[in-house]
Amino acid sequence: MIEILSPTQLPRAREAGALVADILQTLKGRCEVGTNLLDIDRWAQAMIVEAGASSCYVDYAPSFGRGPFGHYICTSVNDAVLHGLPHDYALADGDLLSLDLAVSVGGVVADSAISFIVGDSKPSESVALIAATERALAAGIAAVGPGARIGDISHAIGTVLQDAGYQVNTQFGGHGVGSTMHQDPHVSNTGRPGRGYKLRPGLLLALEPWIMADTDELITDEDGWTLRSKTGCRTAHSEHTIAITEDGAEILTLPRRA
Numbered sequence: 001m002i003e004i005l006s007p008t009q010l011p012r013a014r015e016a017g018a019l020v021a022d023i024l025q026t027l028k029g030r031c032e033v034g035t036n037l038l039d040i041d042r043w044a045q046a047m048i049v050e051a052g053a054s055s056c057y058v059d060y061a062p063s064f065g066r067g068p069f070g071h072y073i074c075t076s077v078n079d080a081v082l083h084g085l086p087h088d089y090a091l092a093d094g095d096l097l098s099l100d101l102a103v104s105v106g107g108v109v110a111d112s113a114i115s116f117i118v119g120d121s122k123p124s125e126s127v128a129l130i131a132a133t134e135r136a137l138a139a140g141i142a143a144v145g146p147g148a149r150i151g152d153i154s155h156a157i158g159t160v161l162q163d164a165g166y167q168v169n170t171q172f173g174g175h176g177v178g179s180t181m182h183q184d185p186h187v188s189n190t191g192r193p194g195r196g197y198k199l200r201p202g203l204l205l206a207l208e209p210w211i212m213a214d215t216d217e218l219i220t221d222e223d224g225w226t227l228r229s230k231t232g233c234r235t236a237h238s239e240h241t242i243a244i245t246e247d248g249a250e251i252l253t254l255p256r257r258a
């Protein structure tokens with residue numbers, strides 16, 4: 001299903017997006033050496049509940065996971081890149097942490113992810129991984145405009161990632177959002193321009209470039225959820241929810257505070 005929001009629904013999408021962004025920034029500010037992933041999950045839960053929003057993850061049980069997910073946020077560390085199930089782990093200096101959060105406000109969902117390095121150590125490989133996903137995300141958003149198609153976004157994202165020397169996995173990518181978290185159209189992180197669904201105002205898309213340092217192959221952790229690089233290399237993930245407008249894209253998941 002491809003869902004097109006009405007003009008009256010867009011303010012709720014903006015509210016959901018701002019909430020997601022603010023929670024992620026708050027959590028980033030709290031994450032330090034020794035922070036437990038389960039504490040991050042509890043903090044996310046408290047902020048979602050306080051805002052009167054609904055989690056998209058707790059009862060999430062897709063075919064590819066061992067559901068329900070049972071937590072409020074994805075916490076992926078180092079070689080984990082997607083769907084990281086929070087568990088009893090204390091963050092160490094230099095860990096690369098990706099936080100992925102989706103909530104619903106007034107029946108409209110927003111979804112975003114950030115990657116950052118914990119502590120004072122800044123491994124150059126981790127810095128480069130994060131920067132590449134952020135550049136790719138910006139390129140994908142910039143490809144949105146009148147007459148654009150999904151393939152234009154995919155091509156823009158993939159070009160940045162591949163030019164930076166990374167392989168691109170196409171099993172998981174961006175997607176439509178609306179009244180539910182995962183909808184059509186699928187937005188691959190590489191593709192051919194001029195192909196695919198023609199973008200329409202009111203469409204919400206979650207664009208999410210993610211990469212692994214030296215592979216494009218994933219393995220599933222024993223928890224049935226966490227996806228890791230097959231080689232154990234480091235990974236990164238960046239994501240924004242955007243609204244397609246008459247003349248481009250509005251980023252909904254920008255934080256209201258730094």
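1 is the number of the first residue of the sequence shown in full-length UniProt numbering; add one for each residue after it.
Every residue gets a Cβ at the ideal spot worked out from N, C-alpha and C, and that includes glycine.
Item	Value
Just tell me which of Leu5, Leu82, Gly107 has its CA closest to the CA of Thr170.	Leu82
Tell me the rounded alpha-carbon separation between Ile130 and Leu99.	13 Å
In the DSSP assignment, the beta strand (DSSP E) including Val81 goes from what residue to what residue?	80 to 82
Alpha carbon to alpha carbon, how far is His155 from Leu205?	16 Å
Less than 7 Å separating the beta-carbons of Ser55 and Gly94?	no
On the CB-based measure, 16 or more other CB atoms within 10 Å of its CB, does Met181 come out buried or exposed?	buried
What would DSSP say about Arg66, mapped onto helix, strand or coil?	coil
Contact check, Ser179 vs Glu3 under 8 Å by CB: the rounded distance?	6 Å
In the DSSP assignment, what residue or residues form a beta bridge with Leu101?	Ser112
What residue range is occupied by the uninterrupted beta strand (DSSP E) comprising Pro185?	183 to 187
Going by DSSP, what residue range makes up the beta strand (DSSP E) through Ile141?	It is not in any beta strand (DSSP E) - Ile141 instead sits in the alpha helix (DSSP H) that spans 124 to 142.
For Glu239, which option in Gly176, Leu137, Lys198 has the closest C-alpha, if you only look at C-alpha atoms?	Leu137
When the Cα of Ala148 is compared with those of Tyr197, Thr253, Val20, Arg256, which residue comes out closest?	Tyr197
If I follow the unbroken beta strand (DSSP E) through Met212, where does it start and stop?	210 to 212
Between the C-alpha atoms of Ala44 and Leu5, what's the straight-line distance to the nearest angstrom?	27 Å
With a threshold of 16 other CB atoms inside 10 Å of the CB of Glu208, please say whether the residue is buried or exposed.	buried
Leaving out five residues on either side along the sequence, give the residues of the same chain with a beta carbon under 7 Å from the beta carbon of Asp184.	Met1, Ile2, Gly176
Identify the continuous alpha helix (DSSP H) that holds Glu15 and give its terminal residues.	10 to 30
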